[in-house]
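Student: Below are the structure tokens for one structure; questions will follow.
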Amino acid sequence: MDGLNNSVVSEFVLLGLSSSWETKVFLMLLFSLMYLGIILGNLFILFLVIFDSHLHTPMYFLLANLSLIDMGVSSTTVPKMISDLLKEYKTISFQNCMTQICFIHIMGGVEMVLLIAMAFDRYTAICKPLHYLNIMNPKMCVSFVITGWITGIIHAMSQFSFIVNLPFCGPNKIDSFYCDFPRIIKLACLDGAKFEFIVAANSGFMTMGTFFLLLLSYVFILVTVWKRSSGDLSKAFVTLSAHITVVVLFFTPCMFLYVWPFPTSTTDKYLFIVDFAITPVLNPAIYTFRNKDIKVAIKRLSKRGPYVKFC
């Protein structure tokens, strides 16, 4: 085979989301609109953060990077899912399947670090407001982003190095709309138990560790606000509600797939629509409609009219 190892399989068949023609047409229109919303919504946030000097703050720097990652995660899966919906025979080459897996896990790792950074930013702003600018300085913000990419690459490559050399001699059908480690390991022509453990230990530990670290940061914030405001937690809940919503949506599918090695039920593929389509399209709405600074920035942009100075 002209592939990455000595496998007989040169391509995988994706079974997709549905066999009903009417459902396929509906899903194609739905996901096309969602993908358009993902690209336009996240590009709009990037545009605002870059060109509005009032948004040149640590929180919005991290938000802009989250928007970039959301577009990347969606673009690795959603366009192919849309194009495959009306195809009778959905295939992906061995090389493209491995590439898709790598990008999913690299950007997933980056997003986890960014969510931790955003939680740390809110913790610092609420619990240590007098030291906020000293702690969340530009160097710290850039360090978070670089750490995210390094973590994502190490996270993906540490699993990929084991999986890419597995022998694949058939079957080659994947009951999903995308490639991922758990389903690929099930197709290997050997006992993949130890490889399942490696992926579960890596992705599962990273998912649960990040999730509990985020929950811990929110608890610290709520306790701090509760002590300072004589039991009034409304301010903290308003501040954290967007972050908590994003975290719950992002981590729920990951915990279902990676924490237990390895159920790979048919429901998993539907759960991951949340990560690839729903969360990326909701993020701009969550951070736009529930954020005062973004609303003010939009008003400033609208007052400038069609001719906006970029200098």
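First residue of the sequence shown: 26, per my numbering; consecutive thereafter.
Using N, Cα and C, we set each Cβ at its ideal position, and we do this for glycine too.
(1) Phe274 and Leu307: beta carbons closer than 8 Å?
(2) Terminal residues of the continuous alpha helix (DSSP H) containing Ser92?
(3) Could you tell me the alpha carbon to alpha carbon distance between Lys105 and Asp200, rounded to whole angstroms?
(4) If you drop the 5 nearest sequence neighbours on each side, which residues of the same chain put their C-beta closer than 7 Å to that of Ile188?
(5) To which residues of the same chain is Phe69 closer than 6 Å at the C-beta, ignoring the five residues directly before and after it?
(6) Name the residue from Leu88, Asn162, Asp318 and Met165 whose alpha carbon lies nearest to the alpha carbon of His79.
(7) Quick check: the Cα distance between Arg147 and Ser99, rounded to an integer number of angstroms?
(8) In the DSSP assignment, the alpha helix (DSSP H) including Phe220 goes from what residue to what residue?
(9) Use the C-beta contact count for Asp27: other C-beta atoms within 10 angstroms, 16 or more gives buried, fewer gives exposed.
(10) What residue does the beta strand (DSSP E) around Phe37 start on, and which one ends it?
(11) Quick test of your reading: Asp109 and Ile63, contact by CB under 8 Å. State the CB separation rounded to the nearest angstrom.
(12) Does DSSP put Lys198 in a helix, in a strand, or in coil?
(13) Are there three or more Cβ pairs, one per stretch, closer than 8 Å when the stretch 278-285 is compared with the stretch 226-236?
(14) Return helix, strand or coil for Ser43, following the three-state DSSP convention.
(15) Give the secondary structure of Lys334 by DSSP, where H, G and I count as helix, E and B as strand, and everything else as coil.
(16) Residues in its own chain within less than 7 Å of Cys194 by CB, not counting five upstream and five downstream?
(17) Which complete alpha helix (DSSP H) runs does the stretch 147-210 hold, if anything under 4 residues is left out?
(18) Going straight from the alpha carbon of His156 to that of Thr116, what length do you get?
(19) So which of Ser57, Met165 and Asn67 has the shortest CA-CA distance to Tyr312?
(20) Measure the CB-CB distance between Leu73 and Leu326 and report whether it falls below 8 Å.
(21) One question on the structure: do Phe276 and Phe245 come within less than 8 Å of each other, judged by their Cβ atoms?
(22) Applying the criterion that 16 or more other CB atoms from any shown protein chain within 10 Å of the CB defines a buried residue, is Asn90 buried or exposed?
(23) For the putative contact between Met149 and Gln125, defined by C-beta atoms under 8 Å, what is the C-beta separation to the nearest angstrom?
(24) Take Ile178 as the anchor and find which of His81, Phe128 and Ile151 has the nearest alpha-carbon.
(25) In chain order, what residues of the same chain lie with their CB nearer than 6 Å to the CB of Phe169, ignoring the 5 residues before and after it?
(26) Who are the Cβ neighbours of Asn316 in its own chain at under 8 Å, not counting the five residues just before and after it?
(27) Using only the alpha-carbon positions, how far apart do Leu296 and Phe76 sit?
(28) Is the beta carbon of Lys294 less than 8 Å from the beta carbon of Phe202?
(29) Determine which residues share a DSSP beta bridge with Ser266 and list them.
(30) Report back the beta-carbon spacing between Ile223 and Gln184 to the nearest angstrom; my notes put them in contact at under 8 Å.
Tutor: Let's see:
(1) According to the sequence shown, residue 274 is Leu rather than Phe. For Leu274 and Leu307, yes; Cβs fall inside 8 Å.
(2) Pro83 to Leu110
(3) 15 Å
(4) Phe206, Ile209, Ile210 and Phe220
(5) none
(6) Asp318
(7) 26 Å
(8) Ala218 to Val224
(9) The predicted model places Asp27 with a pLDDT of 45, which falls under 50 and marks its position as unreliable; any figure quoted below should be read in that light. Under this definition Asp27 is an exposed residue.
(10) Glu36 to Leu39
(11) The pair is not a contact, with the Cβ atoms about 18 Å apart (cut-off 8 Å).
(12) strand
(13) yes
(14) coil
(15) For Lys334, the predicted structure reports a pLDDT of 44, less than 50, and the residue's modelled location is therefore unreliable. A value from the coordinates is still provided. Correct three-state label for Lys334: coil.
(16) Ser32, Val33, Val34 and Cys214
(17) 157-160 and 163-188
(18) 54 Å
(19) Asn67
(20) yes
(21) no
(22) buried
(23) It should be pointed out that residue 149 corresponds to Thr in this sequence rather than to Met. Between Gln125 and Thr149 the Cβ distance is about 36 Å, and since that is not below 8 Å, they are no contact.
(24) Phe128
(25) Ala142
(26) Ala267
(27) 36 Å
(28) yes
(29) For Ser266, which the question treats as bridged, DSSP gives no partner whatsoever.
(30) 7 Å
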